[in-house]
Amino acid sequence: MSLDHLTTDVEDAYADLGEDLDVSLDRETRNELAMLVSAYDPDDADELVRRAVHELFQRAVETGNLDFHLRSSYDCTYDEYLSGMTFEEMTGQDQYPDIEDDRRYQF
1 MSLDHLTTDV
11 EDAYADLGED
21 LDVSLDRETR
31 NELAMLVSAY
41 DPDDADELVR
51 RAVHELFQRA
61 VETGNLDFHL
71 RSSYDCTYDE
81 YLSGMTFEEM
91 TGQDQYPDIE
101 DDRRYQF
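Numbering follows the numbering used here, in which position 103 of the sequence shown is assigned residue number 103; successive positions increment by one, without gaps.
Encoded structure:
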């Protein structure tokens, strides 16, 4: 996989999500959400779910967990995704052809 594959997958997932998302809640999640609704008193429980997604995303970025998974699946990082370029493209390391070892010392 590559940066292009990641971009395509993110765009596809974004389109598939749409505006509304039905989420099934297990008993533990429903209990925790009820506690948060009681404590924060939002206009709508959806607001807390949005905040939870933002918090999870921020934590994944800060801890490097997101980069780990992106590197494992797509061989790129979140910073590379944001810039639209891999590290090698940014630094110019991919400009030069690989030198074949068996031909290196031939004159």
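Even for Gly, the Cβ is constructed at its ideal location relative to N, Cα and C. These numbers were taken from a predicted model, which means no experiment stands behind them.
Under the assumption that residue 40 contacts residue 48 (Cβ atoms under 8 Å), give the Cβ distance between them as a whole number of angstroms. If you number the sequence shown from 1, residue 40 lands on position 40. If you number the sequence shown from 1, residue 48 lands on position 48. Right, their Cβ atoms sit about 7 Å apart.
The stretch 83-90 contacting the stretch 64-73, beta-carbon criterion three pairs below 8 Å: Contact check between the stretch 83-90 and the stretch 64-73: fewer than three CB pairs, one atom from each, fall below 8 Å, which does not count as touching.
With distances taken from CA atoms, which of 66, 36, 63 is nearest residue 52? Taking the sequence shown and counting its residues from 1, the one referred to as residue 52 is at position 52. Closest in C-alpha terms to residue 52, from the list 66, 36, 63, comes 36.
By DSSP, does residue 19 sit in helix, in strand, or in coil? In the sequence shown, the residue the question calls residue 19 occupies position 19. Coil.
Which residue comes first and which comes last in the alpha helix (DSSP H) that contains residue 35? Within the sequence shown, numbered from 1, the residue matching residue 35 stands at position 35. Membership of residue 35 in the alpha helix (DSSP H) is indicated by the continuous run 27-40.
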